[in-house]
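Enquirer: Everything in the sequence shown is counted per our numbering, starting at 5 for the first residue and increasing by one.
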Amino acid sequence: MELKEIQEGLARILVPKAERIYDSPVFYNPKMSLNRDISVFALKVLKPRTVLDALSATGIRGIRYALETPAEEIWLNDINPHAFRLILKNIELNFGIEGKYIGEKRVRFDGEKPMIANLDDANRLMAEKFRYFDFLDLDPFGSPVEFLDTSLRSVRRNGVLAVTATDTGVLCGAYRQACLRKYLSIPIRGELCHEAGLRILVATIARYAAKYDLGIEVLLAYYRDHYFRVFLRMESGARVADRSLKRLGYLWQDKDGKFEYSEEFLPGKLGAHGPMWLGPLKDDEFVEKMLQEAKDHPLASRKTLPFLELILEELDLPFYYETHAIARRHGIQVGKLSALMERLREEGFKATRTHFSPTAIKTDAPFDVVLEAMKRRN
Ligand SMILES: C[S@@+](CC[C@H](N)C(=O)[O-])C[C@H]1O[C@@H](n2cnc3c(N)ncnc32)[C@H](O)[C@@H]1O
5 MELKEIQEGL
15 ARILVPKAER
25 IYDSPVFYNP
35 KMSLNRDISV
45 FALKVLKPRT
55 VLDALSATGI
65 RGIRYALETP
75 AEEIWLNDIN
85 PHAFRLILKN
95 IELNFGIEGK
105 YIGEKRVRFD
115 GEKPMIANLD
125 DANRLMAEKF
135 RYFDFLDLDP
145 FGSPVEFLDT
155 SLRSVRRNGV
165 LAVTATDTGV
175 LCGAYRQACL
185 RKYLSIPIRG
195 ELCHEAGLRI
205 LVATIARYAA
215 KYDLGIEVLL
225 AYYRDHYFRV
235 FLRMESGARV
245 ADRSLKRLGY
255 LWQDKDGKFE
265 YSEEFLPGKL
275 GAHGPMWLGP
285 LKDDEFVEKM
295 LQEAKDHPLA
305 SRKTLPFLEL
315 ILEELDLPFY
325 YETHAIARRH
335 GIQVGKLSAL
345 MERLREEGFK
355 ATRTHFSPTA
365 IKTDAPFDVV
375 LEAMKRRN
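1. To the nearest angstrom, report how far apart Leu142 and Gly352 are at their CA atoms.
2. Please look up how many angstroms separate the CB atoms of Met36 and Pro20, rounded, as I've assumed it's under 8 Å.
3. Check each candidate in Tyr26, Asn94, Leu71 and name the one with the smallest Cα separation from Lys8.
4. Run through the DSSP bridge pairs and tell me what Val55 is partnered with.
5. Closest to Ser362 by CA distance: which of Gly253, Glu318, Gln337 is it?
6. Out of curiosity, what's the CA-to-CA distance linking Ile192 and Glu326?
7. Buried or exposed for Arg211, going by 16 or more other Cβ atoms inside 10 Å?
8. When you measure from the CB of Asn94 to every non-hydrogen atom of ligand 1, does any distance come out below 7 Å?
9. Are the CB atoms of Phe232 and Gly275 within a distance shorter than 8 Å?
10. Going by beta carbon distance, what residues of the same chain come within less than 8 Å of Asn81, once the five residues before and after it are set aside?
11. Buried or exposed for Leu303, going by 16 or more other Cβ atoms inside 10 Å?
12. Using the Cβ count rule (16 or more neighbours within 10 Å means buried), how would you classify Arg53?
13. Out of curiosity, what's the CA-to-CA distance linking Ala364 and Arg110?
14. Helix, strand or coil: which one does DSSP assign to Ile25?
15. Below 8 Å, can you find three or more Cβ-Cβ pairs linking the segment 151-168 to the segment 64-74?
16. Compute the beta-carbon to beta-carbon distance between Leu97 and Leu18, rounded to the nearest angstrom, for a pair I have assumed lies under 8 Å.
17. What are the residues that DSSP puts in a beta bridge with Lys104?
18. Quick one: does the C-beta of Asp217 sit closer than 7 Å to a heavy atom of ligand 1?
19. Could you check whether Leu236 and Ile220 sit closer than 8 Å to each other, using their CB atoms as the reference points?
20. Can you give the Cα-Cα distance for Lys286 and Ala225, rounded to whole angstroms?
21. Measuring CA to CA, which of Glu376, Thr208, Ile10, Ala298 is closest to Ile330?
22. So who's on the other strand from Ser266, going by DSSP bridges?
23. So, helix, strand or coil for Pro362, using DSSP?
24. Is Thr308 near ligand 1, going by C-beta to nearest heavy atom under 7 Å?
25. Consult DSSP for Ser342 and reduce its assignment to one of helix, strand or coil.
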């Protein structure tokens with residue numbers, strides 16, 4: 005395998021030289037640096053002791069966690085032997101130490117912080133390390149569902165589960181049957197699909213967690229570059245699990261684009277999309293602290309800071325008004341977003357941009373008020 009060295013955050017990482025990322029023997033996607041940056045800031049705020057990078061590939065995530073955050077013991081795992089060997093090389097490169105084999109498929113590095121590289125099915129490792137990790141990161145190809153049960157057993161009570169999902173086609177309704185199979189949920193197509201997809205993912209984790217008497221607290225859930233990412237604190241107790249389930253519900257949208265949603269266990273009327281999470285998608289204090297970390301971090305990618313600022317400012321209400329889609333449906337012109345938000349604010353409503361779309365707004369104004377405000381521009 006031909007390798008080249010790249011730098012990301014404080015880490016130097018050997019990655020395969022490949023024309024296209026999916027042809028490579030070990031996966032590496034430079035576009036995911038924002039995902040890794042945000043995860044580094046999350047760990048800096050959360051200060052977990054034990055961390056698992058369960059699907060590690062080159063080791064870039066776990067190595068950045070070791071170099072850039074207060075994490076004290078870091079495990080890096082992959083099922084692919086090429087990935088495992090590259091993880092070993094990359095740890096040696098960054099920490100200048102050699103590891104010791106403890107068993108056939110496990111190497112321990114006793115540097116300033118213990119790091120353990122493991123070659124196995126993540127499900128087997130997570131089953132072995134029962135309630136062990138304060139922070140557990142799942143960054144799979146496609147859907148994370150096949151790892152959810154074991155990860156919920158392996159994360160400590162009140163620990164944090166971080167999950168990426170890149171199967172946006174499934175969660176956003178392009179493959180409805182696949183969404184039913186994997187997430188037991190009816191997705192929606194059209195302009196609301198990204199937020200609905202994210203909320204279906206969160207709802208699925210909440211349902212899996214509930215059977216272990218775990219409730220979820222959403223620290224941050226976002227959509228970006230065709231993937232979803234969530235950071236959830238797993239709160240211990242039957243009552244908090246019940247409380248999480250109460251935040252699940254359904255979304256309806258009519259042909260004019262007008263939407264409504266309701267928290268209920270079963271949908272009260274036909275045409276429902278869901279179940280999906282209708283609770284908050286962020287904890288402002290957590291995002292504010294991450295933003296501070298981002299400001300203090302000289303090597304964070306330039307995109308990360310404005311993205312976190314946008315998320316912090318965003319109104320945390322279910323669903324947004326996609327001005328282009330509304331204009332198309334109602335045969336009107338699209339005006340400036342800032343002017344539309346100003347008009348709504350003058351009428352006493354809240355209105356902000358949203359990270360889900362550069363042409364949408366979030367507001368507590370009802371659909372008809374937004375439509376009128378858009379028409380008034382014409
Ligand atoms: C998307 S990549 C991970 C990327 C990496 N976290 C990063 O930030 O660059 C997914 C990885 O999961 C590994 N994988 C797939 N199924 C697995 C399983 N059952 N157990 C452990 N690793 C697995 C693949 O070999 C691949 O390296």
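Just so it is clear, CB atoms sit at the ideal spot from N, CA and C, and this is done for glycine as well.
Expert: In short:
1. Reading the sequence shown from its first residue, position 138 is the one you call residue 142. Reading the sequence shown from its first residue, position 348 is the one you call residue 352. Each residue's alpha carbon lies about 42 Å from the other.
2. Here the question's residue 36 lines up with position 32 in the sequence shown. Here the question's residue 20 lines up with position 16 in the sequence shown. In fact, because the Cβ distance is near 15 Å, the residues do not count as touching under 8 Å.
3. The residue you call residue 8 lines up with position 4 of the sequence shown. Nearest C-alpha to Lys8: Asn94.
4. Along the sequence shown, read from residue 1 onward, the residue named residue 55 stands at position 51. Paired residues: Ile78, Phe139.
5. The residue you call residue 362 lines up with position 358 of the sequence shown. The sequence shown places Pro at residue 362, not Ser. With distances taken between Cα atoms, Pro362 lies closest to Glu318.
6. Position 188 of the sequence shown, counting from 1, holds the residue named residue 192. Position 322 of the sequence shown, counting from 1, holds the residue named residue 326. Straight through space, the alpha carbons of Glu326 and Ile192 are spaced by roughly 15 Å.
7. Working through the sequence shown from its first residue, we reach residue 211 at position 207. That one is buried.
8. Within the sequence shown, residue 94 is the residue found at index 90, counting from 1. Not so, every heavy atom of ligand 1 lies at least 7 Å from the Cβ.
9. Position 271 of the sequence shown, counted from the first residue, corresponds to residue 275. Position 228 of the sequence shown, counted from the first residue, corresponds to residue 232. In this structure, Phe232 does not lie closer than 8 Å to Gly275 by Cβ.
10. In the sequence shown, counting from the first residue as 1, residue 81 sits at position 77. Leu56, Asp57, Ala58, Leu59, Ser60, Ala121, Asn122, Leu123, Asp124, Ala126, Leu129.
11. For the purposes of this step, residue 303 is identified with residue 299 of the sequence shown, where counting begins at 1. When all chains shown are included, Leu303 counts as exposed.
12. Numbered from its first residue, the sequence shown carries residue 53 at position 49. Per the 10 Å Cβ criterion, exposed.
13. Taking the sequence shown and counting its residues from 1, the one referred to as residue 364 is at position 360. Taking the sequence shown and counting its residues from 1, the one referred to as residue 110 is at position 106. Going by the C-alpha atoms only, they are around 48 Å apart.
14. Indexing the sequence shown from 1 puts residue 25 at position 21. Here Ile25 sits in helix by DSSP.
15. No, because fewer than three Cβ pairs between the segment 151-168 and the segment 64-74 fall closer than 8 Å, the two stretches do not touch.
16. Taking the first residue of the sequence shown as position 1, residue 97 is located at position 93. Taking the first residue of the sequence shown as position 1, residue 18 is located at position 14. By a beta-carbon distance limit of 8 Å, Leu97 contacts Leu18. Their separation comes to about 7 Å.
17. Within the sequence shown, numbered from 1, the residue matching residue 104 stands at position 100. In the DSSP output, where bridge partners are listed per residue, Lys104 has Arg112.
18. Your numbering for residue 217 matches position 213 in the sequence shown. No - ligand 1 has no heavy atom lying nearer than 7 Å to the Cβ of Asp217.
19. Mapped onto the sequence shown, residue 220 falls at position 216. Mapped onto the sequence shown, residue 236 falls at position 232. Yes, they are a contact pair.
20. One-based indexing of the sequence shown puts residue 286 at position 282. One-based indexing of the sequence shown puts residue 225 at position 221. Approximately 6 Å between the Cα atoms of the pair.
21. Taking the first residue of the sequence shown as 1, we reach residue 330 at position 326. That would be Glu376, whose Cα lies nearest to the Cα of Ile330.
22. Reading the sequence shown from its first residue, position 262 is the one you call residue 266. Answer is Tyr254, bridged to Ser266.
23. What you label residue 362 is simply residue 358 of the sequence shown in a count that begins at 1. Strand, per DSSP.
24. The sequence position of residue 308 within the sequence shown is 304, counting from 1. Checking the Cβ of Thr308 against ligand 1 gives no.
25. Within the sequence shown, residue 342 is the residue found at index 338, counting from 1. Three-state result, Ser342: helix.
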